[in-house]
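S.K.: Line order of the protein sequences matches chains A and B.
To convert, count from 1 in the first sequence and add 91; that's my numbering.
To convert, count from 1 in the second sequence and add 91; that's my numbering.
Even for Gly, the Cβ is constructed at its ideal location relative to N, Cα and C.
Next up is a structure, given as structure tokens.
Protein chains: 2
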Amino acid sequence: MTNEDLDRWVREELRSIEQALDRLVPADAPVGLGQAMRYAVLDGGKRLRPLLVRAACDASLGHAEAATRAAVAVELIHAYSLVHDDMPCMDDDALRRGKPTVHVQYGEAQAMLAGDAMQALAFEVLTPEDGSVSPELQARLVGLLARAAGHAGMAGGQAIDLASVGKPLSETVLRDMHRRKTGALLQASVLMGAACGTISAPAWQALSEYGAAIGLAFQVMDDILDVTQVSEVLGKTAGKDMDANKPTYVSVLGLDSALAYARALHEQALKALERSGLPAKHLGWLADLVVDREH
Amino acid sequence: MTNEDLDRWVREELRSIEQALDRLVPADAPVGLGQAMRYAVLDGGKRLRPLLVRAACDASLGHAEAATRAAVAVELIHAYSLVHDDMPCMDDDALRRGKPTVHVQYGEAQAMLAGDAMQALAFEVLTPEDGSVSPELQARLVGLLARAAGHAGMAGGQAIDLASVGKPLSETVLRDMHRRKTGALLQASVLMGAACGTISAPAWQALSEYGAAIGLAFQVMDDILDVTQVSEVLGKTAGKDMDANKPTYVSVLGLDSALAYARALHEQALKALERSGLPAKHLGWLADLVVDREH
Chain A
92 MTNEDLDRWV REELRSIEQA LDRLVPADAP VGLGQAMRYA VLDGGKRLRP LLVRAACDAS
152 LGHAEAATRA AVAVELIHAY SLVHDDMPCM DDDALRRGKP TVHVQYGEAQ AMLAGDAMQA
212 LAFEVLTPED GSVSPELQAR LVGLLARAAG HAGMAGGQAI DLASVGKPLS ETVLRDMHRR
272 KTGALLQASV LMGAACGTIS APAWQALSEY GAAIGLAFQV MDDILDVTQV SEVLGKTAGK
332 DMDANKPTYV SVLGLDSALA YARALHEQAL KALERSGLPA KHLGWLADLV VDREH
Chain B
92 MTNEDLDRWV REELRSIEQA LDRLVPADAP VGLGQAMRYA VLDGGKRLRP LLVRAACDAS
152 LGHAEAATRA AVAVELIHAY SLVHDDMPCM DDDALRRGKP TVHVQYGEAQ AMLAGDAMQA
212 LAFEVLTPED GSVSPELQAR LVGLLARAAG HAGMAGGQAI DLASVGKPLS ETVLRDMHRR
272 KTGALLQASV LMGAACGTIS APAWQALSEY GAAIGLAFQV MDDILDVTQV SEVLGKTAGK
332 DMDANKPTYV SVLGLDSALA YARALHEQAL KALERSGLPA KHLGWLADLV VDREH
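What follows is the structure, given as structure tokens:
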């Protein structure tokens, strides 16, 4: 592997993901809803989840059109959760991906509706009526995504987050919160990609462990970047979690231990990939990106 | 048909629907999220959509367990839309089904999350991992529900609603709004029930027309009841749409013409049922209920 190979792969994948988002997120939804949805999801974001879907699909020699739809669906779920999270009744944030947040741009009511419609669209995207994805795979992808997005996953993690502001949390509770809040969707991205191909049960299990490890590593790095970077680099308000008195890996473990923990999780992820026995080069690169990123 | 048969059928169906909701909506979601979700969907509501699913499944001699899951899923979508609709940034309503609305009871952030988690749960319920519903049917039901809930259906209708407050609307735009906002999900309820069985393309088309007619009839009656009933009977704030200067069928057509329109739609629905050639007695009863109801 060279940096050049990685850069080329990411660039090509991102182009293809952006095209798919542009194609599948409708501009013609009634009176401003389509614009708000597109504003929320196009031209922004690291696209880590779509990249994970595509990389896992590559590793399992999977169905590319299905993986593209899965990539769009998982990004729609992620993007809708940011729209709702940023609203005044939640985190009340005005800046996201370097732009005004959706409710600042379009009003709160339209932001809530756009988020709701984006969640529905994710499941619509996974169930094309043109025969391009088999019904078995459609059902599998919907099941994985719905479970990762709902009460046992992302929404459940957000509920723990909501209840934990200003409270001292143990590392165990903090980990449970993040496993659900961000980890579940990142892990689902890997598994949805893998579901597009055919892999053995042990390889599936190994990818699941890879997904869990990088899911947690991503959050630990997020907490580290929140205190070490400025808003301009992050594209969102820096120091926000500390200011809001939210428990983070840095506040619970300290900065040095948090960094060491991120490195250990990265190592775990790479070992799981090795164990999978799959040609999982792209997933390895993404594990590196998760811990080496600056925003 | 006697009233007694109808009453017995509705009573038995409602018992079975409530049991399924109780079983499938989790109490153990993290820190209050499960309670908020159950508060939003249990012990309340007319359950018209679940009844339509079950009745259409009866008419198509369909798969009962699949129809039960479809009924729960469609009610979850309906209930989540009410939770979000009632929030301060939308309709700002404090009373629903005779109880304080979810955000009044649990706070705005939890209400938004509960709504989000309910939408995800709907798609989780449609994709059981126990083999009780075939993957083909799972994919079909998800596709129907996602399209009815999203930008082209319910969420799109709400966006039109949002943009139309205080503006004079033609009957055409009003109808388009309601076809999406309430009609799409009512029609999808019928089609999801029908999808659980095996019916001919013409019968499917006839049920689709039945669903569209009662969907619109339901909204026309809603507008009529909003001005003719008091809050105690409705279980929600009466006169609300008029006060909010929202266009309704009564404000656009006048009360007498609105009533005549509801009756004409009822007639259309019954004719479509006849054309379907299906044993659709229960769907006929539900069409009667839609226009004869008092709340």
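Buried or exposed for residue 246 (chain B), please, with buried defined as at least 16 other CB atoms from any protein chain shown within 10 angstroms of its CB.
M.R.: Per the 10 Å Cβ criterion, buried.
S.K.: Taking Cβ-Cβ distances shorter than 7 Å, what residues in chain A pair up with residue 218 (chain B)?
M.R.: Within 7 Å Cβ-Cβ: 230, 233, 234, 237.
S.K.: Rounded to whole angstroms, what's the CA-CA distance from residue 218 (chain A) to residue 266 (chain B)? Just pull it up for me.
M.R.: Roughly 28 Å separates the two Cα atoms.
S.K.: From which residue to which residue does the alpha helix (DSSP H) around residue 154 (chain A) run?
M.R.: Per DSSP, residue 154 (chain A) belongs to no alpha helix (DSSP H) and is neither H nor E.
S.K.: Curious, which full-length alpha helix (DSSP H) runs of at least 4 residues does the stretch 245-296 of chain A contain?
M.R.: Runs of the alpha helix (DSSP H) inside the stretch 245-296 of chain A: 245-255, 262-269, 275-286.
S.K.: Could you check the C-alpha separation between residue 171 (chain A) and residue 184 (chain B) for me, to the nearest Å?
M.R.: C-alpha separation (whole angstroms): 24 Å.
S.K.: Under 8 Å: do the stretch 145-155 of chain A and the stretch 117-134 of chain A share three or more Cβ pairs, one atom per stretch?
M.R.: Contact between the stretch 145-155 of chain A and the stretch 117-134 of chain A is absent, because fewer than three Cβ pairs lie under 8 Å.
S.K.: Quick one: grab the DSSP three-state call for residue 190 (chain B).
M.R.: Looking at residue 190 (chain B) - three-state DSSP - the assignment turns out to be strand.
S.K.: Against chain B, with Cβ distances strictly below 8 Å, would residue 247 (chain A) count as a contact?
M.R.: It does: the Cβ of residue 247 (chain A) has a partner Cβ on chain B nearer than 8 Å.
S.K.: Is the CB of residue 125 (chain A) under 8 Å away from at least one CB in chain B?
M.R.: So yes, residue 125 (chain A) belongs to the interface.
S.K.: Quick check on residue 281 (chain B): buried or exposed, where buried means 16 or more other Cβ atoms within 10 Å of its Cβ?
M.R.: By the neighbour-count rule (16 or more Cβ atoms within 10 Å), residue 281 (chain B) is buried.
S.K.: What are the complete beta strand (DSSP E) segments, minimum 3 residues, inside the stretch 115-158 of chain B?
M.R.: Taking only runs of at least 3 residues, no beta strand (DSSP E) segment lies wholly in the stretch 115-158 of chain B.
S.K.: Spatial neighbours of residue 141 (chain A) within its chain, please: C-beta separation below 6 Å, excluding the five flanking residues on both sides.
M.R.: Taken in chain order, the residues that qualify are 108, 162, 166.
S.K.: Would you kindly check if the distance between the Cβ of residue 215 (chain B) and the Cβ of residue 292 (chain A) is under 8 Å?
M.R.: Not in contact: residue 292 (chain A) and residue 215 (chain B) (Cβ atoms no closer than 8 Å).
S.K.: List, in chain order, every chain A residue whose beta-carbon is nearer than 9 Å to that of residue 111 (chain B).
M.R.: Simply none; closest approach about 17 Å.
S.K.: Take the Cβ of residue 256 (chain B) as the centre, count every other Cβ of all protein chains shown within 10 Å, and call the residue buried at 16 or more, exposed below.
M.R.: Flag for residue 256 (chain B) reads exposed.
S.K.: Any beta carbon of chain B sitting closer than 8 Å to that of residue 283 (chain A)?
M.R.: Not an interface residue.
S.K.: Hey, does residue 169 (chain A) have any beta-carbon neighbour from chain B nearer than 8 Å?
M.R.: No, residue 169 (chain A) does not count as interfacial toward chain B.
S.K.: Under 7 Å between beta-carbons, which chain A residues line up against residue 122 (chain B)? List them in chain order, please.
M.R.: Residues of chain A passing the Cβ test: 250, 251, 254.
S.K.: Interface residues of chain A around residue 175 (chain B) at Cβ under 7 Å?
M.R.: What residue 175 (chain B) touches in chain A: 203, 207.
S.K.: Do you know offhand how far residue 295 (chain B)'s Cα is from residue 285 (chain B)'s?
M.R.: Cα to Cα, residue 295 (chain B) sits roughly 7 Å from residue 285 (chain B).
S.K.: Is it the case that the stretch 219-234 of chain B contacts the stretch 227-241 of chain A, given that we only count it when at least three CB pairs across the two stretches are under 8 Å?
M.R.: The stretch 227-241 of chain A, when compared against the stretch 219-234 of chain B, does touch it at the 8 Å Cβ threshold.
S.K.: Check whether the stretch 192-200 of chain B touches the stretch 127-143 of chain B, counting contact only when three or more Cβ pairs, one atom from each stretch, lie closer than 8 Å.
M.R.: Yes, since at least three Cβ pairs between the stretch 192-200 of chain B and the stretch 127-143 of chain B fall closer than 8 Å, the two stretches touch.
S.K.: Would you mind working out which of B:300, B:251, B:221, B:201 sits nearest residue 392 (chain A), comparing C-alpha positions?
M.R.: Because chain A is modelled from 92 through 386, residue 392 (chain A) falls outside the range shown and cannot be assessed.
S.K.: Report the neighbours of residue 154 (chain B) on chain A: residues whose CB is nearer than 7 Å to its CB, in chain order.
M.R.: Within chain A, no residue comes near residue 154 (chain B); the closest Cβ sits about 15 Å away, beyond 7 Å.
S.K.: Starting from residue 198 (chain A), trace the alpha helix (DSSP H) both ways and give me its first and last residue.
M.R.: Residue 198 (chain A) -> no alpha helix (DSSP H), and no H or E assigned at all.
S.K.: Counting only Cβ-Cβ distances shorter than 9 Å, please list the residues of the stretch 252-278 of chain A near chain B, keeping chain order.
M.R.: Residues 253, 254, 255, 267, 268, 271.
S.K.: Against chain A, does residue 191 (chain B) count as a neighbour if the rule is that its beta carbon must be under 8 Å from one of theirs?
M.R.: So, not an interface residue.
S.K.: Measure from the C-beta of residue 210 (chain A) to each C-beta in chain B and report whether the shortest distance is under 8 Å.
M.R.: By this cut-off, residue 210 (chain A) is an interface position.
S.K.: Between B:310, B:356, B:376, which lies nearest to residue 386 (chain B) when the distance is taken from Cα to Cα?
M.R.: Here the closest residue by C-alpha is B:310.
S.K.: Can you tell me whether residue 152 (chain B) is buried or exposed? The criterion is at least 16 other CB atoms within 10 Å of its CB, across all chains shown.
M.R.: The residue in question, residue 152 (chain B), is exposed, as its Cβ has fewer than 16 Cβ neighbours within 10 Å.
S.K.: Is the distance from the Cβ of residue 180 (chain A) to the Cβ of residue 312 (chain B) below 8 Å?
M.R.: The answer is no: Cβ separation not under 8 Å.
S.K.: Taking only beta-carbon atoms, is residue 386 (chain A) less than 8 Å away from chain B?
M.R.: It does not: the Cβ of residue 386 (chain A) has no partner Cβ on chain B nearer than 8 Å.
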